[in-house]
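So the sequence shown is numbered by the working numbering: it starts at 500 and just counts up by one.
One structure below.
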Amino acid sequence: MKTKLLLYLSIVALITSSCNTTKDIPYMIGADQLPSEVLQSAAKASDPVVMPGDMLQIIVTSLNAEAVKPFNKIGYVTDLGGGNTNNNNNENSMYYYLVDANGNIEFPYLGSLHIGGMSKSATENYIATQIYPRYLTERPGVEVRFQNFRVYILGEVKSPGEIKAVNGRLNILEAIAKAGDLTIQGRRDNVMIVRTNSDGSRSIQTVNLNDKNLIVSPNFNLQQNDIIYVEPNSSKARSSWNVPPALSLGLSSVGTLISIATFIITLTK
500 MKTKLLLYLS IVALITSSCN TTKDIPYMIG ADQLPSEVLQ SAAKASDPVV MPGDMLQIIV
560 TSLNAEAVKP FNKIGYVTDL GGGNTNNNNN ENSMYYYLVD ANGNIEFPYL GSLHIGGMSK
620 SATENYIATQ IYPRYLTERP GVEVRFQNFR VYILGEVKSP GEIKAVNGRL NILEAIAKAG
680 DLTIQGRRDN VMIVRTNSDG SRSIQTVNLN DKNLIVSPNF NLQQNDIIYV EPNSSKARSS
740 WNVPPALSLG LSSVGTLISI ATFIITLTK
């Protein structure tokens, strides 16, 4: 009777454990129940901030194309006889601006510009004010594109590695999707984000993928060079634990003795 009760309790515990594990798998549980006003208040994707080491494409435009030609690196290099305009887009880094360790770039005619720590939109406005009205009679359009916006994801995902975003924006779910999703052993309630700030310092954020409020969290949107780490859950940790040979032999012996004792008790009843 005691043996049957023990077996029954073991089965119940196993089923309960499986149910609890299943609850930890879905993302943003109950997100469909969030009020519309909460969703509308979700943090908007902020502009990426210029950091040392960034590779930027900066395009200056105007109705008068010839007037802004000197302020575009393509036109500037071509005028100096140093480039081929047939090889000028995303294939040739000589037309990009590398932000140096001090946050500066060398801009045609304008010289050294300090843009480190500025957002994308602030950089565009700053460059436009350096050109107009000093050099042009009309304010030009300025577009800044990040050529190296990328994050890194590792740990319990199917395809760890580097993930690039050509439009300069990426959120945590997009990064996970590009990595092939988390494995079943990945812990979803404590995903770590290691972030490098514009001043070179680092900070650590954590997100809970099970939490419905993730979609309105300020950490939902990633920044360039973020490192995402998905740690293994307790199930993976248990499965990876190696039992020492001596302990394994001892447990095996104990199991054998229990089986013999159970068999003898059964025969004597």
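We put the beta carbon where it would ideally sit given N, CA and C, even for glycine.
Query	Result
So, helix, strand or coil for Asp-599, using DSSP?	coil
Contact between the region 682-692 and the region 717-737: three or more CB pairs below 8 Å?	yes
DSSP has Ser-611 in a bridge; who is on the other side?	Glu-605
Can you give me the C-alpha to C-alpha distance between Val-643 and Asn-601, rounded to a whole angstrom?	19 Å
Can you tell me whether Ala-678 is buried or exposed? The criterion is at least 16 other CB atoms within 10 Å of its CB, across all chains shown.	buried
Look up Leu-653 in the DSSP assignment and say whether it is helix, strand or coil.	strand
To the nearest angstrom, how far is the alpha carbon of Pro-534 from that of Leu-672?	21 Å
If we call anything under 9 Å between Cβ atoms a contact, is Val-598 one with Asp-553?	yes
If you run the structure through DSSP and keep just helix, strand and coil, what is Asp-553?	coil
Report the three-state DSSP secondary structure of Asp-546 (helix, strand or coil).	coil
Can Asn-492 and Glu-637 be called in contact, C-beta distance under 9 Å?	What is shown of the chain runs 500 to 768, which leaves residue 492 out entirely.
Which value, in whole angstroms, describes the spacing of the CA atoms of Tyr-596 and Asn-689?	37 Å
Any idea what DSSP makes of Val-715, helix, strand or coil?	helix
What is the rounded straight-line gap between the Cα of Ala-566 and the Cα of Asn-718?	42 Å
Rounded to whole angstroms, what's the CA-CA distance from Met-550 to Asn-707? Just pull it up for me.	28 Å
Please name the residue, chosen from Gly-640, Met-617 and Val-715, that lies closest to Thr-628 on a Cα-to-Cα basis.	Gly-640
For a test of the three-state rule: what should DSSP assign to Thr-584, helix, strand or coil?	Residue confidence is low: Thr-584 scores 43 on pLDDT, short of 50, so the model does not pin down where it sits. Its coordinate-derived value is still stated next. DSSP places Thr-584 in helix when its eight states are reduced to three.
Are the CB atoms of Ile-692 and Asp-725 within a distance shorter than 9 Å?	yes
Distance, Cα to Cα, Lys-568 vs Arg-701?	39 Å
So for Asn-720, helix, strand or coil by DSSP?	strand
Beta-carbon within less than 8 Å of Phe-570's beta-carbon, same chain only, minus the 5 sequence neighbours each way: which residues are those?	Val-559, Phe-606, Pro-607, Tyr-608, Leu-609, Ile-630, Tyr-634 and Pro-639
Going by DSSP in three states, Tyr-728 sits in which element: helix, strand or coil?	strand
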